[in-house]
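Chemist: Submitted below is the structure of interest, expressed as structure tokens.
Number of protein chains: 2
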Amino acid sequence: MTSIYDLPTPALLLDADLLQQNLQAMAAALPGKRLRPHVKAHKCTALASRQAAVGHARFCCATIREMEGMASAGLGDDLLLANEVLDAHRLGALRDARVTLAVDSPETIRAAADGGVREVLIDVNVGLPRCGCPPSKAGRLADLARSSGLEVRGVMGYEGHVVGVAERGQREEACEKSMQLLLEAQRDVGGDVVSAGGTGTYDCNRWASEIQAGSYALMDSAYAKLELPFVQAFWLWASVISVSEGYAVADCGLKALGMDHGNPSIDAASVWFCSDEHITFAPEQPLKVGDRVRITPAHVDPTVACHERLAVISGEEVVDTWPVDLRGW
Amino acid sequence: MTSIYDLPTPALLLDADLLQQNLQAMAAALPGKRLRPHVKAHKCTALASRQAAVGHARFCCATIREMEGMASAGLGDDLLLANEVLDAHRLGALRDARVTLAVDSPETIRAAADGGVREVLIDVNVGLPRCGCPPSKAGRLADLARSSGLEVRGVMGYEGHVVGVAERGQREEACEKSMQLLLEAQRDVGGDVVSAGGTGTYDCNRWASEIQAGSYALMDSAYAKLELPFVQAFWLWASVISVSEGYAVADCGLKALGMDHGNPSIDAASVWFCSDEHITFAPEQPLKVGDRVRITPAHVDPTVACHERLAVISGEEVVDTWPVDLRGW
């Protein structure tokens, strides 16, 4: 058995028991079809297969590469690419997978039909200024999709401006407003899929037929602020390489971290700043060169995407290594 | 020939002519041994070989993986790992490479000696709170290194708190202060190497024997503010996938970008925000779904590290593809 103290650093640690606890908590709250796990959060087919094992076998992806990897791994029962794409022929070429693609314009409908995709969702703007058509135009796009030979399974609308609202009452209220827009669109579109949501709204979004949560499996310091029943299950593991008066430096920098939500955190320490391959921090208790530290990323998705593998641990033993095999485009 | 309009997106574009212009401008300013290019900025041995071709054949690395990759690529004439490491046996195992390692403590000196490394630089803190010993302790560490059987080539001290100072006079003054500390340490340490500097101080640091610049080859929007004679030579290339009233969305998000210096920029457009796989921006002139946009990253180093390859272009033709082959740890 390898101890975590023998791992080269920086490394991503994934606690197998805590992961399982998160997966089961979500399966209890949203069993079977009620959850469509978003693989963009972990980009790891080995982790996705654990999600399937607790009943969440229909997945959501953000990139064509994620769709291809999931299909290759035998996890293609029902894959949704919750994003618009123009080179849809790569999706049309997927074997042994049921592929559904988001569309929000005549151009993306044409790309889907020309690329050999068979099923789509109409992507609706529910308040986040990103992809998605206005609710009032969804019906007309559905007609266009059907007349182009596509099956329209329903609607999708991500309330990304809501999932991070700290106060629960406000979050629920904003979520309801967004979902009213999505249901308005669904009345014109038809189909039985209403796909929406994320980890921040997994239990207050009562209008979607399926929730697209991903971060709940691993968690990060941004989602930890929302007091959800999911626990931090992954960390960066780094070695202290230099100690000075008042601060220490470990060998994990911003190239190993998603930095868009700001600096990561370290228990019993104050993080000063990250460089490419360093983190400078002030520990409450003195550290020595060679000590190891656990670093909690501020944003799970882009952090995992920086790494080639996850070291799966139980306590202080490394029990497995899972490739982060859905990276890139 | 492949047109850039046929590339799958997101993709990194590297303009071969502008790269060459930057490499030659640097070779004119700091010929031969005066520059030790930092490969952390591009993590690409094909690009490093172009730096060697203009006379810059001694390189600087930030990770053991970068050292291993450079040695494998035949670029190991004189490699400096400008960072402290504890698992130095990977460096000691390198064949066909001259390896020099930064050390700043008894522990890192012992790791170097035990790992089979033969040459070191004493890393000195010149004002940036990161690695490096106090100048007053450098001589004693050099003695310890020599008594451990290591060759001490000189000193290293990175004025990272200075390289981004916008006003040139202030930058020069702060640089001189830092370098006085480094020269003070060198008097006690001995050796002929005084390694320091970066793209922001490449021409005002007159005290270092060699400058560790990397960003000058590709540049980014943060360094562009310093009015250096280097031009932007790489961009992210993205496709517009959705257009709404007042804004557009392209398929390049924060997983394709280093975000620690903030949002990237787009000519003739205002960038609103980045999501994992999207950038939402307001273009001055209307765009259509399928249009392509060039995005200028705010920080070159972590942006390149997100990608598997660079599409080398001349005008609008793709003339080569270079693997980003020094990623990971």
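Here the protein sequences come in this chain order: G and H.
Quick note: the first sequence uses our numbering, first residue 1, plus one each step.
Quick note: the second sequence uses our numbering, first residue 1001, plus one each step.
Just so you know, even glycine gets a beta-carbon here, dropped at the ideal spot from N, CA and C.
Note that this is a predicted model, so its numbers are computed, not measured.
1. Can you tell me whether DSSP reads H:Leu1257 as helix, strand or coil?
2. Counting contacts by CB-CB distance shorter than 9 Å, is G:His278 in contact with chain H?
3. For the segment 109-135 of chain G, enumerate the residues whose C-beta is nearer than 9 Å to any C-beta of chain H, in chain order.
4. Which residues, taken in chain order from the segment 64-94 of chain G, show a beta carbon closer than 9 Å to some beta carbon of chain H?
5. Identify the contact partners of H:Tyr1247 in chain G, using a Cβ-Cβ distance below 7 Å as the criterion.
6. Rounded to whole angstroms, what is the Cα-Cα separation between H:Asp1192 and H:Pro1008?
7. Quick one: give me the first and last residue of the alpha helix (DSSP H) that H:Asp1143 is part of.
8. Tell me, to the nearest whole angstrom, how far the beta carbon of H:Pro1037 is from that of H:Gly1214; I am working on the premise that it is less than 8 Å.
9. Might you give, ordered along the chain, the residues of its own chain that have their beta carbon closer than 7 Å to the beta carbon of G:Val189, omitting 5 neighbours on each side?
10. Looking only at its own chain, which residues have a Cβ that is under 8 Å from the Cβ of H:Leu1086, when we skip the five neighbours before and after it?
11. Answer with yes or no whether the minimum CB distance from G:Thr9 to chain H is below 9 Å.
12. Identify the continuous beta strand (DSSP E) that holds H:Arg1294 and give its terminal residues.
13. Would the segment 283-297 of chain G and the segment 252-265 of chain G be scored as touching if the rule is three or more Cβ pairs under 8 Å?
14. Out of H:Gln1180, H:Pro1229 and H:Val1318, state which residue places its alpha-carbon closest to the alpha-carbon of H:Leu1005.
15. Just the C-alpha distance for G:Arg34 and G:Tyr202, rounded to the nearest angstrom, thanks.
16. If we require 4 or more residues per run, which alpha helix (DSSP H) segments fall completely within the segment 186-248 of chain G?
17. I need the straight-line Cα distance from G:His278 to H:Cys1061, nearest angstrom please.
18. From the DSSP output, which residues share a beta bridge with H:Arg1309?
19. Helix or strand or just coil, what does DSSP make of H:Met1179?
20. Any Cβ of chain G within less than 9 Å of the Cβ of H:Asp1096?
21. Taking CB distances under 9 Å as the criterion, tell me whether H:Leu1141 reaches chain G.
22. Give every residue of the same chain whose Cβ lies closer than 8 Å to the Cβ of H:Ala1305, excluding the five residues on either side of it in the sequence, and list them in chain order.
23. Bridge partners of G:Val152, per DSSP?
24. Cβ closer than 9 Å: which chain G residues qualify as neighbours of H:Phe1274?
25. Name, please, each residue of chain G whose Cβ falls closer than 9 Å to the Cβ of H:Ala1233.
26. Only counting the same chain, and skipping five residues up and downstream in sequence, which positions put a Cβ closer than 8 Å to that of H:Val1334?
27. Just the chain H side, please: which residues come within less than 7 Å of G:Ile266 by C-beta, in chain order?
28. Are the C-beta of G:Ser221 and some C-beta of chain H separated by less than 9 Å?
29. If the cut-off is 9 Å on Cβ atoms, which residues from the segment 285-308 of chain G count as contacting chain H, listed in chain order?
30. Give the DSSP-derived three-state secondary structure of H:Ala1082 in the structure shown.
31. Less than 9 Å between the C-beta atoms of H:Gly1246 and H:Ser1178, yes or no?
32. Please determine, among G:Ala29, G:Gln21, G:Leu23 and G:Leu13, the residue with the shortest C-alpha to C-alpha distance to G:Arg206.
33. Give me the chain G residues within the contact set of H:Gly1328, using Cβ-Cβ distance strictly less than 7 Å, ordered along the chain.
34. Strictly under 9 Å for the Cβ-Cβ distance: is H:Lys1040 near chain G by that measure?
35. Would you say G:Ile4 faces chain H, with C-beta separation under 9 Å as the test?
36. Helix, strand or coil for H:Ser1265? Go by DSSP, reduced to three states.
Modeler: Let me lay it out:
1. Coil.
2. yes
3. Result list: Ala111, Asp123, Asn125, Leu128, Pro129, Arg130, Cys131, Gly132, Cys133 and Pro134.
4. Ile64, Asn83, Glu84, Val85, Leu86, Asp87 and Arg90
5. Pro129
6. Approximately 49 Å between the Cα atoms of the pair.
7. Ala1138 to Ser1147 is the extent of the alpha helix (DSSP H) around H:Asp1143.
8. 6 Å
9. Excluding sequence neighbours, G:Val189 sits near Ile122, Ala138, Gly139, Ala142, Val152, Gly154 and Val155.
10. Glu1107, Thr1108 and Ala1111
11. yes
12. Per DSSP, H:Arg1294 belongs to the beta strand (DSSP E) from Arg1292 to Ile1295.
13. yes
14. The question names Leu, but residue 1005 of chain H in the sequence shown is Tyr. That would be H:Val1318, whose Cα lies nearest to the Cα of H:Tyr1005.
15. Approximately 10 Å, taken between the alpha carbons.
16. Unbroken alpha helix (DSSP H) stretches of 4 residues or longer found wholly inside the segment 186-248 of chain G: 221-224, given in chain order.
17. The alpha-carbon atoms of G:His278 and H:Cys1061 are separated by roughly 14 Å.
18. H:Pro1323
19. helix
20. H:Asp1096 has a beta carbon lying at 9 Å or more from every beta carbon in chain G.
21. no
22. Lys1043, Gly1258, Val1324 and Arg1327
23. G:Val120
24. Rather than Phe, the amino acid found at residue 1274 of chain H in this sequence is Cys. Contact annotation for H:Cys1274 against chain G: Asp260 [CB-CB distance below 9 Å, chain order].
25. Near H:Ala1233 there are no residues of chain G at all, since even the closest Cβ is about 19 Å away, more than 9 Å.
26. Missing from the structure shown is residue 1334 of chain H; chain H here goes from 1001 to 1329 and no further.
27. Neighbours of G:Ile266 on chain H: none; closest Cβ ~16 Å, over 7 Å.
28. no
29. Flagged, chain order: Lys288, Val289, Gly290, His299, Asp301, Pro302, Ala305, Cys306, His307 and Glu308.
30. In the structure shown, H:Ala1082 sits in coil (DSSP, three-state: anything other than H, G, I, E or B).
31. no
32. Residue G:Ala29 holds the alpha-carbon nearest to the alpha-carbon of G:Arg206 among G:Ala29, G:Gln21, G:Leu23 and G:Leu13.
33. Glu308
34. yes
35. no
36. strand
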